[in-house]
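Protein chains in written order, with my numbering: chain A, 1 to 267; chain B, 1001 to 1262.
Shown next, in the form of structure tokens:
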């Protein structure tokens, strides 16, 4: 088992190392996320004038910051795959005795983990500089923190499957701005990056919570804000893992079909 | 003039070559603005008010800003992607042609896909104006058009500044991205809901609020500043003035340019 995993783990390690080289990009990205976070906090401060029954301003502010800090987890490097396909160097990758789907899955995961860590830590350091009502608050309890971390891990796995589907689509269309750009836009919205999913009307909450995109960041953030009772926690985790498994099967199927069709040109 | 028509026709014909991709990207623009609009509707549904503004009034600001930004991106695409023009050495080609540089740049990559965003913005404007029961006289329509045009100038000037920075460092500068894409985010809602520093930044440094929000707030009937009509009509002029200022930075950059690539 360990031997079979070895190539994938080394792909993971190499991609992680590569990501640490993009420090300027991380800094720039962090500055942008920080600015947008502050703007959104200002908007919500203006909106929450009277008390709301189900959501408070402090919760919404924390939600916004967690989304901004974890934003990098949503995006994948389909540009890299595109480039390889267009200039033909995908041939080298195809020659490796590995399953392509799993190979790219490990690479995407590595990129997400390191990319997020590089932006999250400096942003946390910036928090004390903000006015108190605009800061990310601590997790509700140690239990909430533990649930958040566990669920976030599942969220990373789930969003990676979504990215792999997007990548499979761009492999078909050879244009990562068309359909796959569209999927990315819809993903940003349904993940709660544009507007917290907690703010949707109560009658839509059930729908918003259980759709696949909410499993990426929304589910963990809800645990950060409020520790769940064991049954609700188990249900939430099961939904996350269920979607991950279903999307994994779908994306693997799409990759297998694509790999059979692939034609290498030139020599 | 003939050059302009020619360039626009070439762009449209190029887009028509990849019909499916063109269509998808237009739809993507539509969806992007549509998502922003849905977000606004969700907020209005929950909160009813934003600061001293009714939801419908906020929607009016939103529509005007979306239209202005989409038009800027449509005509300023050559500026937003300028760092790649420099990197590939394509700028030399432009310098060789006996046509105005900025005109070439803006028409080179004039981007008709933005119609999706304009459509959503216009829909938001029309619906909110109907619900507010605004009475439109030619003068008021002209003021709205002028303030949108002024905002386009302001945003274009910011993109121009970003492009001018490319002459000095090929990496695009994040700081200006905060003014351009940040400005779009900030100014889609009435500016007086924000704390003073943000308001000052977008009123007097990058005068989007001056060009757009002051006249529009008057049109909606809740002016942000008690300007006399004369001053109100003068507000959108800040846009072209800001643009003229930024062309100085741009000229300095062009003079410094020594060529890249081969």
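Ideal placement from N, C-alpha and C gives every residue a C-beta, glycine not left out.
- Unbroken alpha helix (DSSP H) stretches of 4 residues or longer found wholly inside the stretch 1027-1099 of chain B: 1055-1080, 1082-1087 and 1091-1096, given in chain order.
- When rounded, the separation of the alpha-carbon atoms in residue 1231 of chain B and residue 1191 of chain B is 19 Å.
- Put simply, the backbone Cα of residue 258 of chain A is about 16 Å away from that of residue 83 of chain A.
- Counted as a single uninterrupted DSSP element, the alpha helix (DSSP H) harbouring residue 154 of chain A occupies residues 142-173.
- Interface flag for residue 1120 of chain B against chain A is unset, since no Cβ pair is found closer than 8 Å.
- For the stretch 1042-1076 of chain B, the set of residues with a beta-carbon nearer than 8 Å to any beta-carbon of chain A comprises 1042, 1043, 1045, 1046, 1047, 1049, 1050 and 1051, in chain order.
- Listed in chain order, the non-local C-beta contacts of residue 55 of chain A below 7 Å within the same chain comprise 198 and 199, local neighbours out to five positions each way being set aside.
- Between the alpha carbons of residue 249 of chain A and residue 30 of chain A lies a gap of roughly 34 Å.
- Within the same chain, 120 and 123 come within 6 Å of residue 69 of chain A by CB-CB distance, once the 5 residues on both sides are set aside.
- DSSP, read as helix, strand or coil, puts residue 211 of chain A in coil.
- Look at residue 26 of chain A: its C-beta is not under 8 Å from any C-beta on chain B.
- Residue range 2-20 is occupied by the alpha helix (DSSP H) that includes residue 6 of chain A.
- For the C-beta of residue 194 of chain A, the chain B residues within less than 9 Å are, from N- to C-terminus, 1035, 1036, 1038 and 1039.
- Annotation for residue 44 of chain A: the continuous alpha helix (DSSP H) segment containing it runs 23-47.
- Three or more beta-carbon pairs drawn from the stretch 1204-1216 of chain B and the stretch 1149-1156 of chain B are found closer than 8 Å, and the two stretches are therefore classed as touching.
- Distance from residue 1026 of chain B to residue 1115 of chain B at the Cβ level is roughly 6 Å; contact confirmed, criterion being Cβ atoms closer than 8 Å.
- Contact note: residue 1193 of chain B reaches chain A through 42, 43, 45, 46 and 47, using a C-beta cutoff of 9 Å and chain order.
- Under the Cβ distance rule, residue 1177 of chain B counts among the residues neighbouring chain A, one pair being separated by less than 8 Å.
- Taking a 10 Å sphere around the C-beta of residue 40 of chain A, we find 16 or more other C-beta atoms and assign the residue as buried.
- The beta-carbon of residue 39 of chain A is placed less than 8 Å from the nearest beta-carbon of chain B.
- Boundaries for residue 191 of chain A: no alpha helix (DSSP H) harbours it, and the DSSP string shows neither H nor E there.
- In the three-state scheme derived from DSSP, where H, G and I count as helix and E and B as strand, residue 1133 of chain B is classed as coil.
- Rounded to whole angstroms, residue 100 of chain A and residue 1018 of chain B show a C-alpha spacing of 30 Å.
- Residue 202 of chain A and residue 253 of chain A have their C-alpha atoms roughly 36 Å apart.
- When Cβ-Cβ separations below 8 Å define contact, residue 1028 of chain B makes contact with chain A.
- Residue-level contact by beta carbon holds for residue 181 of chain A and chain B, with a gap shorter than 8 Å.
- Between residue 1008 of chain B and the set B:1106, B:1071 and B:1073, the nearest pair of CA atoms involves B:1106.
- Boundaries for residue 1213 of chain B: no alpha helix (DSSP H) harbours it, and the DSSP string shows neither H nor E there.
- With fewer than 16 other beta carbons inside 10 angstroms of its own, residue 1004 of chain B counts as exposed.
- For residue 1198 of chain B, a Cβ of chain A is located within less than 8 Å of the residue's own Cβ.
- In the three-state DSSP reduction, residue 1007 of chain B falls in the helix class (H, G or I).
- Around the beta carbon of residue 1135 of chain B, fewer than 16 other beta carbons lie within 10 angstroms, which makes this residue exposed.
- Under the three-state reduction of DSSP output, residue 1258 of chain B falls in the coil class, being neither helix nor strand.
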